[in-house]
Structure formats: structure tokens, C-alpha cells
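Peer 1: All you need for our numbering is the position in the sequence shown, starting with 1, plus 64. Every residue, glycine too, gets a C-beta built ideally from N, C-alpha and C. Because the structure is a prediction, the values reported are computed rather than measured.
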Amino acid sequence: MLDIYIFRVYGNGLFAQATTMSLALLLLVALLAFPVIGYLRKRERVL
């Protein structure tokens, strides 16, 4: 949902606000993804 809101804000010409929200979304995804990747790598077995 946040990505749709960012797209609408960008479409309204509020480029700085849309860029800031995009950066915040990137950081949120990274903060969630890296721990999950680390956890899954620990569980990985080499055959």
C-alpha cells in the first residue's frame, strides 16, 4: 500500500516527499530482509 501512495505523491509533483518515502521504504525492506536471509543461511545444509 505504501508503494501506491508513493506513486500518487510522485504523480502530484511532490518529488522530494516521494523520494524520502521511497528511501524509507527501502530501509524498511532492508531491515526486514537481512535478518531473514541470515536466519535462512544458518539453517542451510550443504549436501
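Go to Val93, then tell me how far its alpha helix (DSSP H) extends in each direction, as first and last residue.
Peer 2: Start and end: Phe79 to Arg107.
Peer 1: On a CA-only basis, which of Ala80, Ala88, Asn76 and Leu78 is nearest Leu66? Give me that one, please.
Peer 2: Closest by alpha carbon: Ala88.
Peer 1: Using the Cα positions of Ala94 and Thr83, report the straight-line distance between them to the nearest angstrom.
Peer 2: If you take the alpha carbons of Ala94 and Thr83, they lie about 16 Å apart.
Peer 1: Is Val110 helix, strand or coil when you go by DSSP?
Peer 2: Residue state, collapsed to three classes: coil.
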